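Q: Quick one: structure below, then a few questions.
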Amino acid sequence: GQQLNQSPQSMFIQEGEDVSMNCTSSSIFNTWLWYKQDPGEGPVLLIALYKAGELTSNGRLTAQFGITRKDSFLNISASIPSDVGIYFCAGSTGNNRKLIWGLGTSLAVNP
Amino acid sequence: ETGVTQTPRHLVMGMTNKKSLKCEQHLGHNAMYWYKQSAKKPLELMFVYSLEERVENNSVPSRFSPECPNSSHLFLHLHTLQPEDSALYLCASSQEAGGGETQYFGPGTRLLVL
């Protein structure tokens with residue numbers, strides 16, 4: 001089945017550093033979504049992208065829909081301790097009702 | 112009450128028990144979903160309901176039985192589960208049941224099968 005490759009698998013950074021993570025797909029997607037999951041909670045939507053090349057920000061978070069439509073990037077600027085969690089990418093080809101999910105990037109921030 | 116709520120938050124059950132998970136969405140959405148989240152695996156879509164009609168059954172064993180009495184409520188009935196069914200079960204909703212629709216998740220039910 002379709003898979004998303006999300007990297008890196010985990011990150012350990014110092015507070016104040018910028019973070020970058022990405023997802024790549026073997027298929028062309030028409031939607032990319034980025035979610036964050038805190039321990040013991042469900043994923044919370046951060047940013048939704050619907051157009052190739054689209055660059056969207058949500059506070060310190062910025063995500064881009066890759067031009068090839070096979071990848072997406074999430075950047076977090078000036079990280080803070082509450083950024084700790086698991087970040088998931090998800091995408092859709094639009095051909096069915098399913099979202100394809102990455103395995104997540106686990107982020108740890110050292111104060 | 113806002114968003115998507117799930118009860119119970121934690122559940123421990125034996126393999127011979129019968130239990131039910133409940134999900135309620137307060138967003139006015141038409142589609143609801145059940146997912147299974149296990150460590151080291153991508154989220155696994157189990158069921159999709161659109162306007163109370165099941166539109167997707169992702170090869171889920173019959174020991175999991177969903178029920179959607181109306182567009183705001185979704186249940187997952189569990190019986191004779193196996194230890195490998197232990198996982199976080201997430202409910203989500205979206206405006207419509209399209210793959211490109213933004214899905215909003217509940218906090219999940221952490222299930223342990225002994």
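Chain order of the listed sequences is L and R. The end of the first sequence is residue 111 by our numbering, with every number in the run present. The end of the second sequence is residue 225 by our numbering, with every number in the run present. The C-beta atom is built at its ideal place from N, Cα and C for all residues, glycine as well. Since the structure is predicted, the reported quantities are computational estimates derived from the model, not experimental observations.
1) Indicate whether LEU107 of chain L and ASP71 of chain L have their beta-carbon atoms separated by less than 8 Å.
2) Give me whichever residues DSSP pairs with ASP71 of chain L in a beta bridge.
3) If the criterion is Cβ atoms closer than 8 Å, does the pair THR6 of chain L and THR105 of chain L meet it?
4) Would you call the CB atoms of ARG174 of chain R and LEU192 of chain R closer than 8 Å?
5) Which stretch, first to last residue, makes up the beta strand (DSSP E) that contains ILE80 of chain L?
6) Under a CB-based cut-off of 8 Å, is TRP34 of chain L close to chain R?
7) May I ask you to report which of helix, strand or coil DSSP gives GLU155 of chain R?
8) Taking the alpha carbon of SER27 of chain L as the point to measure from, which residue in L:TRP101, L:SER57 and L:VAL109 has its own alpha carbon closest?
9) Is MET157 of chain R a contact residue of the ligand SAH, with contact defined as CB to any heavy atom under 7 Å?
10) What residue from L:GLY16, L:LEU4, L:PHE88 and L:LEU103 has the CA that sits closest to LEU74 of chain L's CA?
11) PRO43 of chain L lies in the beta strand (DSSP E); which residues open and close that run?
12) Give me the Cβ distance between ILE80 of chain L and GLU15 of chain L, rounded to the nearest whole Å; I'm assuming they're in contact under 8 Å.
13) If the cut-off is 9 Å on Cβ atoms, which residues from the region 44-73 of chain L count as contacting chain R, listed in chain order?
14) Taking only three categories from DSSP, how would you classify GLU15 of chain L?
15) Less than 8 Å between the CB atoms is what I'm expecting for PHE216 of chain R and PRO43 of chain L, so what's the real figure, rounded?
16) Which partner residues of GLU178 of chain R appear in the DSSP bridge assignment?
17) So, at 6 Å on beta carbons, what are the nonlocal neighbours of PRO111 of chain L in its own chain, with the 5 sequence-adjacent residues on each side left out?
A: According to the structure shown:
1) By one-based count along the first sequence, residue 107 of chain L stands at place 107. By one-based count along the first sequence, residue 71 of chain L stands at place 71. Not in contact: LEU107 of chain L and ASP71 of chain L (Cβ atoms no closer than 8 Å).
2) Along the first sequence, read from residue 1 onward, the residue named residue 71 of chain L stands at position 71. ASP71 of chain L pairs with L:THR24.
3) As a position in the first sequence, residue 6 of chain L is number 6, starting the count at 1. As a position in the first sequence, residue 105 of chain L is number 105, starting the count at 1. Just to set this straight, residue 6 of chain L is Gln in the shown sequence, not Thr. Taking 8 Å as the Cβ cut-off, GLN6 of chain L and THR105 of chain L qualify as a contacting pair.
4) Taking the first residue of the second sequence as 1, we reach residue 174 of chain R at position 63. Taking the first residue of the second sequence as 1, we reach residue 192 of chain R at position 81. It is a contact, given that the beta carbons lie within the stated cut-off.
5) Within the first sequence, the letter at position 80 stands for residue 80 of chain L. ILE80 of chain L -> no beta strand (DSSP E), and no H or E assigned at all.
6) Numbered from 1 along the first sequence, position 34 holds the residue referred to as residue 34 of chain L. No, its Cβ sits nowhere closer than 8 Å to a Cβ of chain R.
7) Counted from its first residue, the second sequence places residue 155 of chain R at position 44. Here GLU155 of chain R sits in strand by DSSP.
8) Here the question's residue 27 of chain L lines up with position 27 in the first sequence. Here the closest residue by C-alpha is L:TRP101.
9) Within the structure as shown, the ligand SAH is missing, as the structure has no ligands at all.
10) The residue given as residue 74 of chain L occupies position 74 in the first sequence. Among L:GLY16, L:LEU4, L:PHE88 and L:LEU103, the Cα nearest to that of LEU74 of chain L is on L:PHE88.
11) Here the question's residue 43 of chain L lines up with position 43 in the first sequence. Careful: PRO43 of chain L lies outside any beta strand (DSSP E) and carries neither H nor E.
12) By 1-based counting over the first sequence, the position of residue 80 of chain L is 80. By 1-based counting over the first sequence, the position of residue 15 of chain L is 15. Indeed, because the Cβ distance is near 6 Å, the residues count as touching under 8 Å.
13) VAL44, LEU45, ALA48 and TYR50
14) Counted from its first residue, the first sequence places residue 15 of chain L at position 15. In the structure shown, GLU15 of chain L sits in coil (DSSP, three-state: anything other than H, G, I, E or B).
15) Along the second sequence, one-based indexing puts residue 216 of chain R at 105. Along the first sequence, one-based indexing puts residue 43 of chain L at 43. Confirmed, about 5 Å.
16) Counted from its first residue, the second sequence places residue 178 of chain R at position 67. According to DSSP, which records beta bridges pairwise, GLU178 of chain R is partnered with R:PHE186.
17) Counted from its first residue, the first sequence places residue 111 of chain L at position 111. Result list for PRO111 of chain L: GLU15 and PRO81, in chain order.
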